[in-house]
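In case it helps, the numbering used here puts the sequence shown at residues 95 to 403. Data first, discussion second: the structure below is written as structure tokens.
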Amino acid sequence: MTLYDVAIVGAGPAGLTAGIYTGRSLLKTVIIEKGPAGGLMALTDKLDNWPGLPGVEGGELSEIMLKQAESFGCELKIGDVAEINKDADGFFTVALSHDEGIRAKAVIYASGSTPRKIGVKGEMEFIGRGVSYCAVCDAAFYRNLRVAVVGGGDSAIKEALYLTKFAKEVVIIHRRQGFRAEKITMEEAHKNEKISFMTDAIVEEIAGTQFVEKLQIKNVKTNEVTEHPFDGAFIFVGYDPQVEPIKHFVTLTEQNFIVADSHMKTNIEGLFAAGDIVDKLIRQVATAVGDGATAGTATEHYIAALGQS
Ligand SMILES: Cc1cc2nc3c(=O)[nH]c(=O)nc-3n(C[C@H](O)[C@H](O)[C@H](O)COP(=O)(O)OP(=O)(O)OC[C@H]3O[C@@H](n4cnc5c(N)ncnc54)[C@H](O)[C@@H]3O)c2cc1C
Numbered sequence: 095m096t097l098y099d100v101a102i103v104g105a106g107p108a109g110l111t112a113g114i115y116t117g118r119s120l121l122k123t124v125i126i127e128k129g130p131a132g133g134l135m136a137l138t139d140k141l142d143n144w145p146g147l148p149g150v151e152g153g154e155l156s157e158i159m160l161k162q163a164e165s166f167g168c169e170l171k172i173g174d175v176a177e178i179n180k181d182a183d184g185f186f187t188v189a190l191s192h193d194e195g196i197r198a199k200a201v202i203y204a205s206g207s208t209p210r211k212i213g214v215k216g217e218m219e220f221i222g223r224g225v226s227y228c229a230v231c232d233a234a235f236y237r238n239l240r241v242a243v244v245g246g247g248d249s250a251i252k253e254a255l256y257l258t259k260f261a262k263e264v265v266i267i268h269r270r271q272g273f274r275a276e277k278i279t280m281e282e283a284h285k286n287e288k289i290s291f292m293t294d295a296i297v298e299e300i301a302g303t304q305f306v307e308k309l310q311i312k313n314v315k316t317n318e319v320t321e322h323p324f325d326g327a328f329i330f331v332g333y334d335p336q337v338e339p340i341k342h343f344v345t346l347t348e349q350n351f352i353v354a355d356s357h358m359k360t361n362i363e364g365l366f367a368a369g370d371i372v373d374k375l376i377r378q379v380a381t382a383v384g385d386g387a388t389a390g391t392a393t394e395h396y397i398a399a400l401g402q403s
């Protein structure tokens, strides 16, 4: 197995930034990624709050960050990290699903999170056939069609706004009256003529034949269930942290986020965490990048100290 100074799990903004810092410090760095580089950022249409470049496309920023990390010597390895363990010699083994894996003196864990399912009948059956968790990826398939967006947070409303570029009608279905999205995003949604709202409502079932054709929607106040025609359902009800590979030895919160200190250190010496996976106030590209820079620098200090011991 190849021994690296640093193994970074995840090539989202947190992992790529960590790589830029460890690469610049001349540490032999591998970034392991199971999907497209850029993580959730790559699937984001436009970032209005990325300082200095308002409206930059997530995909474009991802490509630039990857090139920057590679220019400092980082190696991108495609693979799904299955389990991480600390060995008796103090180094880590990073096991991959379909590969022998690698060893590393330190690990930066930046795996982000995955879209949460709503768990109703028809959801799994129609994934890719009307059920989607990514408007930027799939919106173009819904040109002139009628779609539902399920959720009330910032991601849900932003994705609904993006969908209006293609769909003829977007109905936001939310289980409460109040929305958690930022005020400015909500104002934009209220002004958009293609968007309407169904509040106090939950999806009970997604149905169709080949593709999604209708949703059963329950009013949580009256318990009345009604059927509504839709060509698609975009679901944005939160994200689950991807902690499987480390959950056996790293301290997590009740919601499965990693507990890390201000230097991004976890309870395991030599294992750092960065980005959305960490327990913190906001999960954004700017904070992921900040975590990545801190984790990269803290890792450099950790490895330098190993050399002196
Ligand atoms: C719809 C939407 C809109 C958003 N809009 C904005 C916005 O406007 N502004 C903003 O600042 N933020 C926005 N965000 C949030 C932002 O995208 C995230 O905060 C940011 O991408 C988190 O970065 P990360 O590197 O921590 O994780 P991620 O971007 O999630 O990257 C983690 C990476 O790790 C990989 N990975 C996970 N597990 C493994 C494994 N076992 N093996 C190998 N690889 C693995 C994943 O494939 C992924 O590529 C938005 C998010 C969404 C979903």
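Yeah, the Cβ is synthetic: ideal placement off N, Cα and C, and Gly gets one too.
I'd like the list of long-range same chain contacts for residue i, defined as Cβ closer than 8 Å, with 5 residues on each side in sequence excluded.
i	result
Ala-204	Ile-102, Val-103, Gly-104, Gly-106, Ala-108, Gly-109, Ala-112, Ala-367, Ala-368, Gly-369, Ile-371, Ala-382, Asp-385, Gly-386 and Ala-389
Phe-273	Gly-246, Gly-247, Ile-251 and Met-280
Run the CB neighbour count on residue i, radius 10 Å, all protein chains shown included, and call it buried at 16 or more, exposed below.
i	result
Ser-249	buried
Val-244	buried
Val-379	buried
Asp-325	buried
Ser-156	buried
Val-241	buried
Val-319	exposed
Ser-191	exposed
Leu-147	exposed
Lys-161	exposed
Lys-259	exposed
Pro-323	exposed
Pro-145	exposed
Ile-266	buried
Ser-165	exposed
Met-135	buried
Lys-277	exposed
Ala-398	exposed
Ala-234	exposed
What does the alpha-carbon distance come out to for the pair residue i and residue j?
i	j	result
Gln-336	Glu-287	37 Å
Val-124	Tyr-98	7 Å
Gly-216	Lys-315	24 Å
Thr-393	Val-264	46 Å
His-342	Ile-352	12 Å
Ile-362	Glu-298	42 Å
Met-280	Phe-185	48 Å
Ala-295	Ile-376	27 Å
Tyr-236	Gly-247	22 Å
Thr-116	Cys-168	8 Å
Arg-210	Asp-181	33 Å
Asp-139	Gly-132	12 Å
Leu-120	Gly-332	37 Å
His-284	Leu-257	14 Å
Ile-212	Gln-310	13 Å
Ile-40	Lys-252	Nothing about residue 40 can be read from this structure; the chain reaches only from 95 to 403.
Ile-114	Asp-183	27 Å
Ile-178	Thr-391	21 Å
Glu-194	Thr-347	30 Å
Thr-345	Met-358	13 Å
Ile-221	Lys-308	14 Å
Ser-356	Gln-349	20 Å
Leu-141	Tyr-396	33 Å
Which same chain residues end up closer than 7 Å to residue i when comparing Cβ atoms and leaving out the 5 residues on each side of it in sequence?
i	result
Thr-293	His-268, Arg-270 and Gln-271
Glu-127	Gly-104, Ala-105, Leu-170 and Ile-172
Cys-231	Leu-137
Ile-196	Met-95, Thr-96, Tyr-98, Ala-101, Val-124 and Val-188
Gly-224	Gly-302, Phe-305, Val-306, Asp-325, Gly-326 and Ala-327
Ile-289	Ala-254, Thr-258, Val-264, Ile-266 and Ala-283
Asn-313	Asp-294 and Ala-295
Val-214	Val-297, Glu-298, Glu-299 and Ile-300
Leu-400	Lys-199
Val-175	Val-103, Ile-126, Val-188, Leu-190 and Pro-339
Cys-228	Leu-137
Can you look up residue i in the DSSP assignment and give me helix, strand or coil?
i	result
Phe-235	helix
Arg-118	helix
Val-383	helix
Ser-356	coil
Ser-249	helix
Lys-199	strand
Met-95	coil
Thr-347	coil
Ser-290	strand
Ile-126	strand
Gln-162	helix
Please go through the same chain and pick out, in chain order, the residues whose beta-carbon is closer than 6 Å to the beta-carbon of residue i, but skip the five residues on each side of it.
i	result
Lys-262	Asn-238
Ala-354	Thr-360, Ala-367 and Val-372
Asp-334	Ser-207, Thr-208 and Arg-210
Leu-365	Val-201
Gly-330	One detail in the question is off: residue 330 reads as Phe in this sequence, not Gly. Taken in chain order, the residues that qualify are Gly-245, Ser-249, Ala-250 and Glu-253.
Gly-153	Ala-136
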